[in-house]
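Beneath this line is the structure, given in structure tokens, with notes to follow.
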Amino acid sequence: MTSDHCVKESDHETTARCLKRLKRSLYPWMLIDFTENGVSRQNNPVFEANPGGAPCNVLSMLSKLGEKTAFIGKVGKDFFGEQLIKAVTEVGINADNLYMDTEIHTTLALVHTASNGDRDFSFYRNPGADMALTEAEIPEKLIGDTKVFHFGTLSMTHEGVRAATKKAVQIAKDAGAVLSFDPNLRPPLWKSMEEAHEQVAYGLSQCDVLKISDNELQWFTGEEEFDRGIEQLRRQYQIPMILLSMGREGSRAYYQRLCVEVAPFLQENTVETTGAGDTFCACCLHYILKYGLDNFDSERLTEMLRFANAAAAIITTRKGALRVMPSLAEVQTLLADMQ
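Quick note: the numbering used here has the sequence shown finishing at residue 339, numbered continuously throughout.
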């Protein structure tokens, strides 16, 4: 085990500080999530068109926390593409490099929600406009100026956008940005899970910060026990900080020889878990920007995870994610209530 022990949370105060606004860009995956919202008079399910996509959800939360954000990607020149551009700009994300494709429609997903808030997805993306981003459309200056560059595998499911993603990653790496990676595994979008494994391995080989869910960790490493799976990743990829989300079991941060675990803030009025992991990830990046990747100890890791868990808990009480991210004041209120 690379960590001496996994320390569970103790009570720490979370303090708010004035933050310097820093630029970062989050990479292409934007779509419309059709989320279940009751039934019609004919007893048919009613779906609400919510703007979403993991990287944009992360950006939205970062914007809510006062950070300067920008998105790179592509939507269709259609009604849904216009809705997405409007939503992105409304929440304060720079959309100068959000392109519209005149031939391919915006990617859609139907989100089926279980009684416990967990989800299942049906995607309409064969092809989708997000897959059409090219290497030529990658804004080198924007990425060169960024402090944190966040990416996932959903922009690596097909060759063209995969090449664009890897070009952007290399630019960010050469510029000295902190690279953040979330596998965000969606099996229906891959030709094979072998290909998915290969592209996740690429992301792991590039990142400084990894946000990974418990089931993704078990799938990739083949280890059921979390510490053993993390040990395998750290030994092979030397990732400075690994953030493990465990759903109803809370979260962990693995950093240097430290492992810190914090319990979740379970909500009685949870309606769905859409965006919870993205909200959690954004809050952790917010702390990394505040302190720098080299300046964490057990107390600071605990504070970060408590803040991130609280924000993630709030988003589970709302339909959708991008437009309804919690404010700093809301997170602080929940933390105070849970003292």
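Where a beta carbon is used, it is the ideal one built from N, C-alpha and C, also for glycine.
Local Cβ density within 10 Å of residue i, reported as buried at 16 or more and exposed below that
i: E216; result: buried
i: N43; result: exposed
i: S60; result: buried
i: K141; result: exposed
i: E303; result: buried
i: S25; result: Low confidence applies here, because S25 scores a pLDDT of 42, under 50, leaving its location unreliable; read the following figure in that light. Burial call: buried.
i: F344; result: No statement about residue 344 is possible, as the shown extent of the chain runs from 1 to 339 and does not include it.
i: N295; result: exposed
i: D33; result: buried
i: M325; result: buried
i: A311; result: buried
i: T69; result: buried
i: R21; result: Residue placement at R21 cannot be trusted, given a pLDDT of 31 that sits under 50; the coordinates are not used to answer.
i: S327; result: exposed
Three-way DSSP call (helix, strand, coil) for residue i in this model
i: M100; result: strand
i: N342; result: Nothing about residue 342 can be reported from this structure: the residues present for the chain run from 1 to 339 only.
i: P127; result: coil
i: F265; result: coil
i: R234; result: helix
i: N371; result: The requested residue 371 is not part of the displayed model; the chain covers only 1 to 339.
i: T302; result: helix
i: C207; result: coil
i: A321; result: coil
i: T113; result: strand
i: M61; result: helix
i: K74; result: strand
i: L22; result: Note that L22 has pLDDT 36, beneath the 50 cutoff, so the model's placement of it is unreliable and the number below is only indicative. L22 falls in the coil class under three-state DSSP.
i: N94; result: strand
i: P183; result: coil
i: K167; result: helix
i: S155; result: helix
i: M241; result: strand
i: F226; result: helix
i: T352; result: Since the first residue shown for the chain is 1 and the last is 339, residue 352 is missing from the structure and cannot be characterised.
i: M188; result: Note on residue identity: the sequence assigns Pro, not Met, to residue 188. Three-state DSSP puts P188 in a helix.
i: H286; result: helix
i: V161; result: helix
i: T106; result: coil
i: D120; result: strand
i: N215; result: helix
i: A201; result: helix
i: T134; result: coil
Of the residues the options, the one placed nearest residue i, counting alpha carbons only
i: C207; options: W190, G152, E225 and R162; result: G152
i: A114; options: Y124, T270 and D278; result: T270
i: R125; options: T146, L154, H112 and I143; result: L154
i: T274; options: R300, S251 and G247; result: G247
i: I288; options: H150, R257 and M30; result: H150
i: H158; options: V178, P187, K173 and K191; result: K191
i: T106; options: G92, E225, G81 and L62; result: G81
i: N309; options: G320, R300, A321 and A276; result: A276
i: P183; options: E198, A175, G176 and K74; result: E198
i: E272; options: K290, L285, I314 and F280; result: I314
i: P187; options: S180, S122 and E223; result: S122
i: L185; options: I212, R162, G160 and V178; result: I212
i: T146; options: E67, L210, R162 and D297; result: E67
i: G128; options: I93, T134, A177 and K74; result: K74
i: I93; options: M131, M30, L110 and D120; result: M30
i: T333; options: F265, K290 and G203; result: F265
i: K319; options: H112, L204 and S180; result: H112
i: A132; options: L285, K173, G160 and M156; result: G160
Residues near residue i by beta carbon distance below 7 Å, same chain, minus five either side
i: A95; result: F71, I85, V88 and T89
i: G144; result: I171 and A175
6 Å Cβ shell around residue i - same chain, five flanking residues per side excluded
i: E48; result: T35 and N37
i: K344; result: There is no way to answer for residue 344, as the model of the chain reaches only from 1 to 339.
i: D278; result: A54, N57 and V58
i: A282; result: V58, M61 and L62
Close Cβ partners of residue i (< 8 Å) along its chain, the five nearest in sequence each way excluded
i: V46; result: E36, N37, G38, V39 and S40
i: I138; result: I72, A164, K167, A168 and I171
i: L301; result: A253, Y255, L258 and V260
i: R323; result: N50, P51, S60, A87, E90 and V91
Flag this pair as touching only if the region 241-256 and the region 224-232 have three or more C-beta atom pairs under 8 Å; answer yes or no. The region 241-256 makes contact with the region 224-232, as at least three CB pairs between them are under 8 Å.
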